[in-house]
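Down below is the structure, laid out as structure tokens.
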Amino acid sequence: MRTLKYLALVLWLTATAHAAEVPSDKTAGVGVVLGVDGQHIVVRRILPDSPAAAQKSIHVGDKILAVAQEREAPVQLQGVKLAQAVPLLRGAFGTTVRLTIVPAGEDDSQARVVSFVRGELKAVAGWGDGVLLTNGMKAPDIEMVWLLNGRLERLSNHAGKIIVLEFWATWCGPCQPKMAELQRYADKYRDWNGKVVLIAANVEDSADAATTDLKRNGWNETHNVWVGADAIKAYHVDAIPTAYVIDRHGRIVAANPVNLPEIVKGQLERPAPEGKSQ
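Residues in the sequence shown are numbered consecutively from 151, following this note's numbering.
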């Protein structure tokens, strides 16, 4: 089964003449959302109002075969994980990155090289580094906006319960089946009621799109919230969907678990903290 994840990478296309405006050691990049399709890195989305969108030399569905820095030899991306490709695309402001691209629907014989001058990374500044929290670590007490009523709350509001924390977005294709699956858990695992909270944390710039999407899909079995860049960074999220399971003591017990229900079941079998009997 192919695993798909979306990662926001802003490959900001700017003129070299502007390079002096930003320190050369400032992280910069280009502006597309990437994904993995089989053995290939592909373009899943072009960020609106970005130079990448205006320049029109890279398109949704394009396959990226290789990445080269300045005049260095290209690094082949076939079989490379998304997390490994990220450092190749990011770099200092004003430096050049060359992408070997195959247009969507074409074979590799139609490959072409497109050069970008990296510019200031604004969108990626809101993402984490991808080094996910490990088992036993204290779960960061992030601030969240409850989409039901717009009120601010904290993760600690759910202390004493097992927490499933799922980061998602409306534009993330692989997030949709994950969200749909979470909705089914309430009916499928009735013994979770009152003991487990399923938090769906939307990571978009605005909560409006999430609210609309949730209503359209009837996704009301999860505790739906919106989170900002601080929460995304606190949990080191650089790609979505990303999920954590947090125990009743507020510690991480799993990151992106394949067998999430089994992880939760194992936690339910453990004694609840004193004063939090359920």
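For each residue, glycine too, the CB sits at the ideal point set by N, CA and C. Keep in mind the model is a prediction, meaning the values are calculated, not measured.
Which residues bound the beta strand (DSSP E) around L297? In the sequence shown, residue 297 corresponds to position 147, counting from 1. L297 -> no beta strand (DSSP E), and no H or E assigned at all.
If we ignore side chains and look at the alpha-carbon of each, how far apart do S207 and A357 end up? Your numbering for residue 207 matches position 57 in the sequence shown. Your numbering for residue 357 matches position 207 in the sequence shown. Their backbone Cα atoms lie some 31 Å apart in a straight line.
Is the segment 295-305 in contact with the segment 207-222, if contact means three or more CB pairs nearer than 8 Å? no
Going by the CB atoms, is the gap between G179 and L239 shorter than 8 Å? By 1-based counting over the sequence shown, the position of residue 239 is 89. By 1-based counting over the sequence shown, the position of residue 179 is 29. Against a cut-off of 8 Å, the Cβ pair of G179 and L239 comes out as a contact.
Assigned exposure category for K231 - 16 Cβ within 10 Å defines buried: Residue 231 sits at position 81 when you count from the first residue of the sequence shown. It counts as exposed.
Just verifying my parser: in three-state terms, what is the DSSP assignment at S207? Position 57 of the sequence shown, counting from 1, holds the residue named residue 207. Correct three-state label for S207: coil.
Give the C-beta separation of Y394 and A405 to the nearest angstrom, bearing in mind that I take them to be a contact with Cβ-Cβ under 8 Å. The residue labelled residue 394 in the question sits at position 244 within the sequence shown. The residue labelled residue 405 in the question sits at position 255 within the sequence shown. The pair is a contact, with the Cβ atoms about 5 Å apart (cut-off 8 Å).
Note down, in chain order, each residue of its chain lying with its Cβ closer than 7 Å to the Cβ of E354, except the 5 sequence neighbours on either side. For this step, residue 354 is matched to residue 204 along the sequence shown. The residues are A319, T320 and A360.
In this structure, what does DSSP give as the bridge partners for Q189? Locating residue 189 in the sequence shown gives position 39, where the first residue counts as 1. None; Q189 has no bridge partner.
Through-space distance from W376 to P224, alpha-carbon basis: As a working note, residue 224 is residue 74 in the sequence shown. As a working note, residue 376 is residue 226 in the sequence shown. The alpha-carbon atoms of P224 and W376 are separated by roughly 39 Å.
In the DSSP assignment, what residue or residues form a beta bridge with T246? Translated into positions along the sequence shown, residue 246 becomes position 96. Note: T246 sits in a beta bridge opposite V267.
How far does the alpha helix (DSSP H) with N367 in it reach, from first residue to last? Here residue 367 is taken as the residue at index 217 of the sequence shown, counted from 1. Element bounds for N367: D358 to N367.
Contacting residues, own chain, Cβ-Cβ under 6 Å from I413 (five flanking each side not counted): On the sequence shown, residue 413 is found 263 positions in, with the first residue counted as 1. Apart from sequence neighbours up to five positions away, the residues of its chain that approach I413 with a beta-carbon distance below 6 Å are V395, A404 and P407, ordered along the chain.
Is it the case that the segment 335-347 contacts the segment 274-288, given that we only count it when at least three CB pairs across the two stretches are under 8 Å? Here the segment 274-288 does not lie against the segment 335-347, with fewer than 3 beta-carbon pairs under 8 Å apart.
So what's Q219 in DSSP terms, helix, strand or just coil? Translated into positions along the sequence shown, residue 219 becomes position 69. Strand at Q219.
Could you name each continuous beta strand (DSSP E) segment of 3 residues or more that falls completely within the segment 303-346, going from the start of the chain to the end? Annotation: the segment 303-346 contains the following complete segments of the beta strand (DSSP E) (minimum length 3 residues), in chain order: 312-318.
On a Cα-Cα basis, can you pick out the residue from R340, E316 and A336 that is closest to M329? As a position in the sequence shown, residue 329 is number 179, starting the count at 1. With distances taken between Cα atoms, M329 lies closest to E316.
Among N370, N374 and G310, which residue has its Cα nearest to the Cα of H399? Working through the sequence shown from its first residue, we reach residue 399 at position 249. Ranking N370, N374 and G310 by Cα distance to H399 puts G310 first.
Around the C-beta of A96, are 16 or more other C-beta atoms found within 10 angstroms, so that it is buried, or is it exposed? Because residue 96 is not part of the residues shown, which for the chain are 151 to 428, the question remains open.
Take R420 and list the residues in its own chain whose beta-carbon comes closer than 8 Å to its own, dropping the five residues that flank it on each side. For the purposes of this step, residue 420 is identified with residue 270 of the sequence shown, where counting begins at 1. Hits under 8 Å: D397 and R398.
Would you decide whether K365 is buried or exposed? Buried here means 16 or more other CB atoms lie within 10 Å of its CB. Numbered from 1 along the sequence shown, position 215 holds the residue referred to as residue 365. Residue environment analysis places K365 among the exposed positions, since fewer than 16 neighbouring C-beta atoms fall within 10 angstroms of its C-beta.
Between A235, E220 and P237, which lies nearest to T246 when the distance is taken from Cα to Cα? By 1-based counting over the sequence shown, the position of residue 246 is 96. T246 has its Cα closest to that of E220, out of A235, E220 and P237.
Nearest neighbour of T362, chosen from F243, V252, L297 and E222 [CA to CA]: As a first step, residue 362 must be located in the sequence shown, where it is residue number 212. Nearest C-alpha to T362: L297.
Assign Q260 to one of two classes, buried (16 or more other C-beta atoms within 10 Å of its C-beta) or exposed (fewer than that). Translated into positions along the sequence shown, residue 260 becomes position 110. Q260 comes out exposed.
Answer with buried or exposed for P327, where buried requires no fewer than 16 other C-beta atoms within 10 angstroms of its C-beta. As a position in the sequence shown, residue 327 is number 177, starting the count at 1. By the 10 Å Cβ count, P327 comes out exposed.
Boundaries of the alpha helix (DSSP H) in which I390 is found, first to last residue: Position 240 of the sequence shown, counting from 1, holds the residue named residue 390. Annotation: I390 is outside any alpha helix (DSSP H) and is labelled neither H nor E by DSSP.
Report the residue from G181, Q228, A218 and E222 whose alpha carbon sits nearest the alpha carbon of I191. On the sequence shown, position 41 is the one that residue 191 refers to. The shortest Cα separation from I191 among G181, Q228, A218 and E222 belongs to Q228.
When the Cα atoms are used, what is the spatial distance from R262 to Q234? Position 112 of the sequence shown, counted from the first residue, corresponds to residue 262. Position 84 of the sequence shown, counted from the first residue, corresponds to residue 234. If you take the alpha carbons of R262 and Q234, they lie about 22 Å apart.
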